[in-house]
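Top to bottom, those sequences are chains A and B. Here the first sequence is numbered in numbering that gives the first Met the number 0, starting from 0 and rising by one per residue. Here the second sequence is numbered in numbering that gives the first Met the number 0, starting from 0 and rising by one per residue. Ideal Cβ positions, reconstructed from N, Cα and C, are used throughout, including at glycine. Some notes on the structure that comes next.
There are 2 protein chains.
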Amino acid sequence: MAGFTPSLENLIDKFARLPSIGRKSAQRLAFYLLSMPQAEVDSFIDSINTARSQVHRCSVCCNFTDSDICSICSSKERDRSTICVVEDPRDIAAFEKTHEYSGLYHVLHGVISPMNDINPEDLCIKELLARLGSGEVKEVIMATNPTVEGEATSIYISKLIKPLGINVSRLAYGVPMGADLEYTDEFTLIRAMEGRKSL
Amino acid sequence: MAGFTPSLENLIDKFARLPSIGRKSAQRLAFYLLSMPQAEVDSFIDSINTARSQVHRCSVCCNFTDSDICSICSSKERDRSTICVVEDPRDIAAFEKTHEYSGLYHVLHGVISPMNDINPEDLCIKELLARLGSGEVKEVIMATNPTVEGEATSIYISKLIKPLGINVSRLAYGVPMGADLEYTDEFTLIRAMEGRKSL
Numbered sequence: 000m001a002g003f004t005p006s007l008e009n010l011i012d013k014f015a016r017l018p019s020i021g022r023k024s025a026q027r028l029a030f031y032l033l034s035m036p037q038a039e040v041d042s043f044i045d046s047i048n049t050a051r052s053q054v055h056r057c058s059v060c061c062n063f064t065d066s067d068i069c070s071i072c073s074s075k076e077r078d079r080s081t082i083c084v085v086e087d088p089r090d091i092a093a094f095e096k097t098h099e100y101s102g103l104y105h106v107l108h109g110v111i112s113p114m115n116d117i118n119p120e121d122l123c124i125k126e127l128l129a130r131l132g133s134g135e136v137k138e139v140i141m142a143t144n145p146t147v148e149g150e151a152t153s154i155y156i157s158k159l160i161k162p163l164g165i166n167v168s169r170l171a172y173g174v175p176m177g178a179d180l181e182y183t184d185e186f187t188l189i190r191a192m193e194g195r196k197s198l
Numbered sequence: 000m001a002g003f004t005p006s007l008e009n010l011i012d013k014f015a016r017l018p019s020i021g022r023k024s025a026q027r028l029a030f031y032l033l034s035m036p037q038a039e040v041d042s043f044i045d046s047i048n049t050a051r052s053q054v055h056r057c058s059v060c061c062n063f064t065d066s067d068i069c070s071i072c073s074s075k076e077r078d079r080s081t082i083c084v085v086e087d088p089r090d091i092a093a094f095e096k097t098h099e100y101s102g103l104y105h106v107l108h109g110v111i112s113p114m115n116d117i118n119p120e121d122l123c124i125k126e127l128l129a130r131l132g133s134g135e136v137k138e139v140i141m142a143t144n145p146t147v148e149g150e151a152t153s154i155y156i157s158k159l160i161k162p163l164g165i166n167v168s169r170l171a172y173g174v175p176m177g178a179d180l181e182y183t184d185e186f187t188l189i190r191a192m193e194g195r196k197s198l
């Protein structure tokens with residue numbers, strides 16, 4: 000026996016099922032939750048319920064939002080001629096942190112992955128195509144992850160977009176800034192060689 | 000702006016306040032919670048509320064329990080002549096995993112720490128003393144952590160127990176099994192030398 004009482008053991012189990020939470024962290028979290036003031040626990044649970052009921056997909060770009068249309072799609076300051084296509088809402092946060100990209104986004108919510116039974120119709124691809132009809136969009140930047148599935152998804156989508164006469168690009172692959180070439184994997188080096196630029 | 004909608008940002012903040020959860024883990028957990036089936040979320044919240052309402056201190060040893068008396072204190076198979084005194088209920092789980100100790104436990108729920116305004120009366124010391132009156136207990140093993148505060152707490156408690164004619168011992172300090180002496184800190188080595196045994 001583990002030495003914990005059933006309701007505590009159950010709470011630890013629940014925490015241990017969350018991603019990247021091991022058994023020891025789950026114990027620490029469960030004990031912490033037992034020691035929190037009731038008001039804080041209520042506020043924690045309320046945040047879960049509020050997020051679950053409020054957060055849904057932007058009707059334009061499929062990013063998570065509390066409103067009908069997300070703050071980026073409804074912003075008057077964004078360049079409406081460019082859409083950056085990402086796998087996950089967290090990727091938008093990564094691009095926004097650069098403060099360099101001022102266009103719009105589109106969230107696919109995944110990549111095509113026959114192994115995991117994720118097909119094109121499971122992703123927000125038709126919502127992307129629906130945005131391209133007005134003639135406002137001049138370029139779509141594919142920013143899926145540099146993985147086999149990410150690349151395959153980018154190629155699949157680019158084939159749907161090109162016939163519409165819209166430019167499709169993808170992020171550059173290469174050596175990340177600050178990397179040590181000695182420890183850079185060979186696939187990255189191959190891509191970096193292929194994509195070399197004249198000085 | 001971080002790119003997340005307010006209710007999601009709020010949930011991420013709540014997770015990030017939990018111990019050993021950084022901002023990235025908090026994001027991952029919040030997104031995972033959004034993607035969980037409603038029944039699983041309900042069950043998660045229910046576990047928190049159940050643990051909070053059910054778990055309390057054993058009226059004998061102060062370990063966490065769902066019952067009035069914990070499973071160890073109420074077991075007929077434990078040796079009732081020995082009490083191992085620990086700081087935290089998690090320490091009991093560590094000893095139980097050894098399958099070597101069959102006595103009882105007592106949980107202090109902390110150590111004396113004037114810096115943090117934790118005084119003897121904040122710990123479960125009077126509950127421990129109350130168990131020693133019947134004459135059944137022959138030995139108390141102090142198993143607080145090998146820290147300055149843990150040791151001071153052990154010494155404080157041992158001074159209260161010795162006048163009752165009960166043996167008080169503490170865990171051996173020394174080199175942990177499998178350790179590399181080269182990387183063992185000097186305080187541990189000093190204790191290991193002091194505690195050396197003849198072969």
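Of all residues in the region 174 to 193 of chain B, none is placed with a Cβ closer than 7 Å to any Cβ belonging to chain A. Under the three-state reduction of DSSP, A/D78 is assigned to strand.
Around B/L7, the beta-carbon contacts reaching into chain A at under 7 Å are A50, V54, F63. For B/M114, there is no enclosing beta strand (DSSP E), since its DSSP letter is neither H nor E.
By the 16-neighbour rule on beta-carbons within 10 angstroms, B/T152 is buried. In the displayed model, A/N166 falls within a strand according to three-state DSSP.
Membership of B/G102 in any alpha helix (DSSP H) is not indicated; the residue belongs instead to the beta strand (DSSP E) covering 102 to 106. At a cut-off of 7 Å, the C-beta of B/L32 has a neighbouring C-beta in chain A. Per the C-alpha coordinates, the member of B/I165, B/Y182, B/I111, B/T146 positioned closest to B/S133 is B/I165. A/R27 belongs to the set of residues whose beta carbon lies under 7 Å from a beta carbon in chain B.
With a threshold of 7 Å between beta carbons, A/P18 makes contact with chain B. In its chain, beyond the 5 residues on either side, N62, F63, V106 have a beta carbon closer than 6 Å to the beta carbon of B/P88. For A/V136, there is no enclosing beta strand (DSSP E), as DSSP marks it with neither H nor E.
The three-state secondary structure of A/M192, taken from DSSP, is helix.
The three-state secondary structure of B/T146, taken from DSSP, is coil.
B/A129 and B/G102 have their C-alpha atoms roughly 17 Å apart. Listed along chain B, the residues sitting closer than 9 Å to A/V40 by beta-carbon distance are I47, N48, R51. At a Cβ-Cβ threshold of 7 Å, A/E138 and A/T97 do not count as neighbours. Just so you know, the alpha carbons of B/N9 and A/I47 end up roughly 9 Å apart.
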